[in-house]
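Chains as they are written, first to last, in the working numbering: chain A, 437 to 590; chain B, 56 to 199.
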């Protein structure tokens with residue numbers, strides 16, 4: 437997978453989280469995975485289709501989703517309810533929109549699907565015939581992983 | 056002691072959400088995200104604006120506007136929504152009321168749609184992520 441696809445997501449995730457959470461964001465080492473990967477508990481998934489195709493997953497555990505949503509809503513939330521889901525959806529929306537703007541500027545043309553939120557325990561994601569690149573971020577509310585699997589359309 | 060004349064009147068700024076005669080500006084929020092609706096609503100309410108309606112898609116937004124008219128001063132309009140997008144809803148609102156004050160709320164990367172909306176009669180736009188300063192600045196500039 438070409439690194440040009442990844443950098444815009446990494447940069448956007450960094451700057452949007454820094455802005456909406458008003459905090460320091462630390463990026464861990466990124467790694468590639470070919471096999472199935474576990475999903476932590478709350479994941480927003482956005483599909484891409486055009487010159488490139490694939491999907492981006494914003495993955496975190498339940499507690500992190502609740503804590504992030506609490507900060508973004510400026511109120512203490514306690515469970516994965518509709519507001520938490522709407523908040524994480526919006527976070528994914530903002531990061532993806534900024535990343536896609538950068539990719540469009542680089543000349544890539546593709547459309548996005550609206551984010552869908554997946555919640556549950558012991559889930560895995562498998563992408564056939566495409567590697568996933570995982571970028572871990574640490575924020576005071578917990579760990580957020582951006583998991584990108586994109587390939588050029590043949 | 057005449058405290059009022061002894062101290063600077065730093066607390067006497069009138070809130071942004073109230074017009075010259077002390078009436079709250081009435082706002083309709085059209086957005087499919089519960090999070091964004093709540094965020095806009097909190098920012099505007101804290102400045103004295105009155106949220107008189109919310110709608111979760113363009114069709115409902117146009118209906119609500121017609122229902123509330125002429126007792127509505129401003130609309131915040133999301134762009135990407137189910138059933139009917141924000142630009143189409145804007146066009147229908149402007150067709151119904153050419154003086155409608157509509158502010159578009161957009162994610163980054165929708166410059167073409169924002170431009171289309173401004174040409175179709177939107178008075179201003181706000182790019183997400185939203186913050187208090189950005190929202191109030193744009194909304195107030197439209198009302199004044």
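In this text, a Cβ means the ideal position worked out from N, Cα and C, and glycines have one as well.
With 16 other Cβ atoms within 10 Å as the buried cut-off, status of residue i
i, result
"residue 511/A", "exposed"
"residue 588/A", "exposed"
"residue 562/A", "exposed"
"residue 528/A", "buried"
"residue 194/B", "buried"
"residue 467/A", "exposed"
"residue 184/B", "buried"
"residue 76/B", "exposed"
"residue 112/B", "buried"
"residue 495/A", "buried"
"residue 560/A", "exposed"
"residue 453/A", "buried"
"residue 515/A", "exposed"
"residue 94/B", "buried"
"residue 196/B", "exposed"
"residue 101/B", "exposed"
"residue 136/B", "buried"
8 Å contact criterion, which residue i and residue j should meet: CB distance rounded
i, j, result
"residue 556/A", "residue 497/A", "Actually they are not in contact, since the Cβ atoms of residue 556/A and residue 497/A sit about 12 Å apart, beyond 8 Å."
"residue 626/A", "residue 532/A", "No answer is possible for residue 626/A: it lies beyond the span of chain A, which begins at 437 and ends at 590."
"residue 90/B", "residue 526/A", "5 Å"
"residue 502/A", "residue 475/A", "Their Cβ separation, rounded to whole angstroms, is 17 Å, which puts residue 502/A and residue 475/A out of contact at 8 Å."
"residue 152/B", "residue 180/B", "About 19 Å separates the two Cβ atoms, so there is no contact after all."
"residue 149/B", "residue 161/B", "At roughly 17 Å, the Cβ-Cβ gap does not stay under 8 Å, so residue 149/B and residue 161/B are not in contact."
"residue 547/A", "residue 486/A", "6 Å"
"residue 570/A", "residue 469/A", "6 Å"
"residue 536/A", "residue 457/A", "Going by Cβ atoms, the distance from residue 536/A to residue 457/A rounds to 21 Å, so no, they are not a contact pair."
Beta-carbon spacing of residue i, residue j below 8 Å
i, j, result
"residue 159/B", "residue 144/B", "no"
"residue 488/A", "residue 544/A", "yes"
"residue 99/B", "residue 107/B", "no"
"residue 482/A", "residue 551/A", "yes"
"residue 71/B", "residue 133/B", "no"
"residue 120/B", "residue 163/B", "no"
"residue 191/B", "residue 156/B", "no"
"residue 81/B", "residue 127/B", "yes"
"residue 558/A", "residue 473/A", "no"
"residue 477/A", "residue 572/A", "no"
"residue 509/A", "residue 523/A", "yes"
"residue 480/A", "residue 553/A", "yes"
"residue 146/B", "residue 175/B", "yes"
"residue 447/A", "residue 542/A", "no"
Residue-chain proximity (residue i, chain A), Cβ-Cβ < 8 Å
i, result
"residue 162/B", "yes"
"residue 171/B", "no"
"residue 188/B", "no"
"residue 114/B", "no"
"residue 104/B", "no"
"residue 157/B", "no"
"residue 88/B", "yes"
"residue 85/B", "no"
"residue 183/B", "yes"
"residue 142/B", "no"
CB contact below 8 Å: residue i versus chain B
i, result
"residue 652/A", "Residue 652/A falls outside the range modelled here, since chain A spans only 437 to 590, and no answer is possible."
"residue 526/A", "yes"
"residue 498/A", "no"
"residue 554/A", "no"
"residue 530/A", "yes"
"residue 569/A", "no"
"residue 487/A", "no"
"residue 585/A", "no"
"residue 455/A", "yes"
"residue 675/A", "There is no way to answer for residue 675/A, as the model of chain A reaches only from 437 to 590."
"residue 443/A", "no"
Distance cut-off 7 Å: residue i Cβ against heavy atoms of the ligand COA
i, result
"residue 123/B", "The ligand content of the structure shown is nil, which means the ligand COA is not present either."
Task: Those runs of the beta strand (DSSP E) which lie wholly inside the region 113–153 of chain B and span at least 3 residues - done: 129–133
Open item on the list: Please give the ranges of any beta strand (DSSP E) in the region 439–524 of chain A, keeping only runs that are unbroken, at least 3 residues long and fully inside the region.
Closed with: 467–469, 473–475, 478–486 and 488–496
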